[in-house]
Amino acid sequence: MINRETGTFKRTYAEDLAIFRTPLPKIAIGVIALVVFVIVPWLGGSYWLGGLNLIGIASLGALGLNILVGYTGQISVGHAAFMSVGAYTAAVILREFPGTHWLFAMLGGGCAAALVGMFFGIPSLRIKGLYLAVSTLAAQLIIEWVINHWSWLSGGAQGSIYIQPPTFPWIENGELVVRKMDANLHYYYLIYTVLAVGIVFALNLFRSHLGRAFIAVRDRDIAAEIIGINIFRTKLVAFGIASFYAGITGVLYTYFYSIANFESFTLLVSIQFLAMCIIGGLGSILGSILGAIFITMLPIVLDFILRGVGGAVFGWDDAAASAIMPQWNLIMFGGLIMFFLVVEPDGLAKMWRNFTDYFRVWPFPYV
Amino acid sequence: MYYVELMLNGLLVGSLYSIVALGFVLIYKASEVINFAQGEFVMFAGYVIAFWILSLDFNIVVAAFLALVVMVLVGLLVEWAVLRHLIGRPVVAVIMATIGLASFLQGTAQLLFGVETRTVPLPIDDYPIFIGDLLLNRIELVAAVFAGLGFAAVGWFFVKSRYGIALRAIADDQQVSLAMGINVKTFFGIAWAIAGVVALVGGVFWGNASGVDTQLALIGLKVFPVVILGGLDSIIGALVAGLIIGLVESLAAGFLDPLVGGGTKDLTPYVLMILVLMFKPYGLFGEKIIERV
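Line by line, the protein sequences are chains A and B.
Be aware that the first sequence starts at 1, since it is given in my numbering, and climbs by one per residue.
Be aware that the second sequence starts at 1001, since it is given in my numbering, and climbs by one per residue.
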């Protein structure tokens, strides 16, 4: 029943087009869905769910950036700025039209981010690679400047807009009521539902004409143009989709923190998302998620190591450990980016693939 | 008179932008690496020289020499440990590596030298010079002179010296240079070492003007408008564009700030950069080899 592929023995077109060729992936998806949506929320305490929420949001953002950088080969250093466009659009919609449903505000944020992203993607028609990196860097700095200086838009000198938490229908004592999301558990379901939609969309995207066109543009743009792909349109759509993901990510941050704040969307955050893609694996959906987990966990693990090992070996107390924490965080962050680029350019996703490939054919050395 | 002063000060600050941009252009010319860590190089140099002078009480000349040695070693180390392995890899990888390097240098500098802001003391009077009614900052003048000397030295190096000619050959075509017996890896190392030294000049004067801490690294972001405007591979472009950007910033602060209420100084260079990227992507003096698809 749980068989593995042993070769290609397809007899019908339907078999050839099947998404799941063996039953195993179906079972795996069922198990993952069960774990993510039933077991984890059931067992996890509020603290852990809070951490998982941050990982979920980061995964969505990393996934969007990976569509642009990993699959289409267009570098963007302005991902966090596009997130802030989404975040502030949703917050402004909710501020100006208080009755709006949060779902519409979220979609509005995503669409606004997509439009701004496509605008800053226009230079990609003429320039590539490093020039594009510089141009998206300018996008980041200009958008940051606008948020900081246009207080009528972004709510005062702190550039923060407080919002009401999203609501959801709930059955209480046999009648339908509207409840506010106020626990990590509520946000957990919101974030992971959105993430699941994002992952399924991305998986299907790369089975479609458009997704294949992205990959063709990345691998050899001139060849792609010769086989009839409209390069400019493809790049713009890639910018649009990636920025839409970014916008939704920004909105999720806003909902989760109940505030849209520019400090969640600085250049450093853009770089963190790039690092997630690099460390997780460029051009891999699994990699985006692994990278998001890795980068989100890094400060927590580092804190644990500094306190634990520093305390045991050097006799540091908590204050001494936290004093050098930001520096070690920077060093490990930068060091790991360089390490992965030099040693394992395909990132954690490749490491995972090597691992599963080993067990796929075990106990034989190869097939 | 106010505007003449504004322009002169803009030009003086611009000369400091040029010297930071010079280190950037040097690396790009030799190895086609876009260095997002140039600001961190400047910051690191500032930290090192401030450490020699403030903590160990060295004379400025001795301190500068020691800092020079350190920066050469840092440049060589970076090239040897990281960039050498990324030759021939996609642009994304190289850019990301320098971004990682930037973060690494920030963390290391703070861990080694401490987090508090310090000022590089220079034996220059901070009493301004008056030329008629014009008021000029003495330190900025000296900095401009040093920036000019730096450009003259690098210019001479690239035009006359054997090593400079080899670097230009590598920039033109790596494979042919290899065939002509140039050791490309060694020269990449040399380019990074020179960039480290150039960053020292920036580190000394910026470290004096605005203090040494991680904020100093933000100067690295100001370099992008300069190099894009001047052309990524043009030394003369770095000089001219640095002066232009300094001037534009200064004039924006003088003219636009009263109109829109402050902060345009930080914005105008990037708006200018976007315009340049859209209409003249190779800049004023850059080589026009941008591939368009």
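Using N, Cα and C, we set each Cβ at its ideal position, and we do this for glycine too.
No experiment lies behind these values; they were computed from the predicted model shown.
Query raised in the report: Of all the alpha helix (DSSP H) runs that stay within the bounds of the segment 158–223 of chain A, which reach a length of 4 or more residues?
Result: 184–205 and 209–219
Query raised in the report: Cβ of valine 1184 of chain B within 9 angstroms of Cβ of glutamine 1174 of chain B?
Result: yes
Requested in this report: Pick out whichever of A:Ile295, A:Ala242 and A:Leu141 has its Cα sitting closest to the Cα of alanine 58 of chain A.
Outcome: Closest option to alanine 58 of chain A, judged by alpha-carbon separation, among A:Ile295, A:Ala242 and A:Leu141: A:Ile295.
Report task. For aspartate 1266 of chain B, count neighbouring Cβ atoms within 10 angstroms of its own Cβ and tell me buried if that reaches 16, exposed if not. Result -> buried
Report task. Excluding the 5 residues preceding and the 5 following serine 1015 of chain B in the sequence, name in chain order all residues of the same chain whose CB lies nearer than 6 angstroms to its CB. Result -> Ala1144 and Ala1147
Query raised in the report: Taking Cβ positions only, does proline 1281 of chain B come closer than 9 angstroms to chain A?
Result: yes
Query - Top-ranked residue by Cα proximity to alanine 292 of chain A, from A:Thr22, A:Tyr47 and A:Ala62 - result: Closest by alpha carbon: A:Ala62.
Report task. Using a Cβ-Cβ cut-off of 9 angstroms, state whether asparagine 66 of chain A counts as contacting chain B. Result -> no
Requested in this report: Determine whether the Cβ of threonine 1108 of chain B lies closer than 9 angstroms to any Cβ atom of chain A.
Outcome: yes
Report task. Check the Cβ-Cβ distances between proline 1090 of chain B and every residue of chain A, and say whether any is below 9 angstroms. Result -> yes
Requested in this report: For the segment 1028–1050 of chain B, enumerate the residues whose C-beta is nearer than 7 angstroms to any C-beta of chain A, in chain order.
Outcome: Ile1034
**Report entry** Three-state secondary structure (DSSP) of valine 1048 of chain B
**Finding:** Helix at valine 1048 of chain B.
Requested in this report: Could you name the residues of the same chain whose beta carbon sits closer than 8 angstroms to that of leucine 1012 of chain B, not counting the 5 residues immediately before and after it, in chain order?
Outcome: These residues qualify, in order along the chain: Leu1136, Asn1137, Glu1140, Leu1141, Ala1143, Ala1144 and Gly1246.
Query raised in the report: Based on Cα-Cα distance, which residue from B:Gly1075, B:Trp1052 and B:Gly1010 lies nearest to isoleucine 1194 of chain B?
Result: B:Gly1075
Query raised in the report: Since serine 1055 of chain B meets chain A, which of its residues come closer than 8 angstroms, beta carbon to beta carbon?
Result: Within chain A, no residue has its CB atom less than 8 angstroms from the CB of serine 1055 of chain B, the nearest being about 18 angstroms off.
Query raised in the report: Taking one C-beta from the segment 84–96 of chain A and one from the segment 218–236 of chain A each time, how about it: are there three or more such pairs within less than 8 angstroms?
Result: no
Query raised in the report: Is there contact here, the segment 255–262 of chain A with the segment 67–74 of chain A, by at least three beta-carbon pairs under 8 angstroms?
Result: no
Requested in this report: Could you list which residues in chain A have their beta carbon closer than 8 angstroms to that of tyrosine 1003 of chain B, in chain order?
Outcome: Near tyrosine 1003 of chain B there are no residues of chain A at all, since even the closest Cβ is about 24 angstroms away, more than 8 angstroms.
**Report entry** Partner residues on chain A for methionine 1007 of chain B, Cβ-Cβ distance less than 9 angstroms
**Finding:** Within chain A, no residue comes near methionine 1007 of chain B; the closest Cβ sits about 24 angstroms away, beyond 9 angstroms.
Query raised in the report: Residues in its own chain within less than 8 angstroms of asparagine 329 of chain A by CB, not counting five upstream and five downstream?
Result: Non-local C-beta neighbours of asparagine 329 of chain A in its own chain, meaning closer than 8 angstroms and more than five positions away in sequence, comprise Leu298, Pro299 and Leu302, ordered along the chain.
Query raised in the report: Interface residues of chain B around glutamine 327 of chain A at Cβ under 7 angstroms?
Result: Gly1107, Gln1110 and Leu1111
Query raised in the report: At a CB-CB cut-off below 7 angstroms, which residues of chain A make contact with isoleucine 1228 of chain B?
Result: Val134
Query raised in the report: In its own chain, which residues sit with a C-beta less than 6 angstroms from the C-beta of alanine 1253 of chain B, not counting the 5 before and 5 after it?
Result: Lys1265
**Report entry** Interface residues of the segment 296–312 of chain A facing chain B [CB-CB below 9 angstroms]
**Finding:** none
**Report entry** Closest Cα partner of isoleucine 1124 of chain B within the set B:Tyr1017, B:Ile1060, B:Gly1100 and B:Val1154
**Finding:** B:Ile1060
**Report entry** Where phenylalanine 1024 of chain B meets chain A, residues with beta-carbon distance less than 7 angstroms
**Finding:** Result: empty, since nearest Cβ-Cβ is about 11 angstroms, beyond 7 angstroms.
Query raised in the report: From tryptophan 1365 of chain B to alanine 1067 of chain B, what distance separates their C-alpha atoms?
Result: The displayed coordinates of chain B run from 1001 to 1293. Any statement about residue 1365 of chain B would go beyond what the structure contains.
Requested in this report: Using three-state DSSP, classify phenylalanine 1130 of chain B as helix, strand or coil.
Outcome: strand
Query raised in the report: How would you call serine 1055 of chain B, buried or exposed, if buried means at least 16 neighbouring beta carbons within 10 angstroms?
Result: exposed
Query - Within 9 angstroms, strictly: CB atoms of glycine 1286 of chain B and aspartate 1213 of chain B - result: Aspartate 1213 of chain B sits away from glycine 1286 of chain B, with the two beta carbons spaced by 9 angstroms or more.
Report task. Rank A:Leu68, A:Val36 and A:Ala81 by C-alpha distance to the C-alpha of phenylalanine 262 of chain A and give the top, closest one. Result -> A:Ala81
**Report entry** CB-CB length for leucine 60 of chain A against leucine 252 of chain A, believed under 8 angstroms
**Finding:** 7 angstroms
Query raised in the report: What residues in the segment 17–50 of chain A have a beta carbon less than 8 angstroms from any beta carbon of chain B?
Result: none
Report task. Report the rounded CA-to-CA distance for aspartate 1172 of chain B versus valine 1226 of chain B, giving the unit in angstroms. Result -> 22 angstroms
Requested in this report: Flag lysine 369 of chain A as yes if its beta-carbon sits less than 9 angstroms from any beta-carbon of chain B, otherwise no.
Outcome: Residue 369 of chain A lies beyond the stretch modelled for chain A, which goes from 1 to 367, so this question has no answer here.
Query raised in the report: For alanine 1093 of chain B and chain A, any beta-carbon pair shorter than 9 angstroms?
Result: yes
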